[in-house]
Amino acid sequence: VNLNSDSFDIFGRSHDEYTVGNNARVHVVTPAAGIILEGITAIGPGMLSDGGTPIEGDRMMHMILCSGLRLYDVSCTNFDNGNRFYSCPDGKAVGFKCFAQTEGAATRAVNQYGLALVNACQDWVVDDATIVGNKHGLVQSESNLYPGVTRRCTFKNSTILGTWNFAVATHT
């Protein structure tokens, strides 16, 4: 380990798992890299709750630890729970479109996020996005979830319509 005032570097690892205090563990993880989704349209089944107990519905995308993820002209329609990215640094979404299942969404208390960048999704650019419906259009975390900070995200040339809570939210 090489330490200085700004950072530390680990040259080679000696273990895949490290035990720390209170039986917690730190696992060495290599994120997926180089994933490109282009020209994909997904149509979901719509509402997954009839107004009784809310069901965390379907998501088009639920990506975890994907470095350099690229979305070009990706669209989703009729999904009840949105798209979430966890710990995915250096991402880019151009021409992203999300049209949520809005029937009774506010009263069913589903967490519809058009595009959620959660837990250290830093250095993202979202350009020319269209997000219609959803609880929040663009969101930079989830409620009661603070394991990482999303930062340096640029949202530009985009349209968010018909959200039933906030168009853009940070939850902080």
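Position in the sequence shown counted from 1, then plus 3, gives you this note's numbering.
Beta carbons: idealized from backbone N, C-alpha and C, even for Gly.
Can you check DSSP and say which residues form a bridge with residue i?
i	result
S70	A36
R155	For R155, which the question treats as bridged, DSSP gives no partner whatsoever.
D130	V97, K159
T80	I46, F102
A172	V142
Which class does residue i belong to by DSSP, given the choice of helix, strand or coil?
i	result
G43	According to the sequence provided, residue 43 is Ile. The question's Gly does not apply to it. Of the three classes helix, strand and coil, the one that applies to I43 here is coil, per DSSP.
G140	strand
R87	strand
F102	strand
G165	coil
A123	coil
Got a sec? Which residues, its chain only, sit under 8 Å from residue i by beta carbon, not counting five neighbours each side?
i	result
R62	F82, N84, G85, N86, R87
L68	V32, P34, A35, Y89, S90, C91
Return the chain-ordered list of same chain residues with a C-beta closer than 6 Å to the C-beta of residue i, the five sequence neighbours on each side being excluded.
i	result
N160	D130, D131
K95	R73, V128
L177	The structure shown has nothing for residue 177, since the chain only spans 4 to 175.
Can you list, in chain order, the residues of its chain with a C-beta nearer than 7 Å to that of residue i? Leave out the 5 residues immediately preceding and following it.
i	result
L120	F88, W127, Q143, T153, C156
H65	R87
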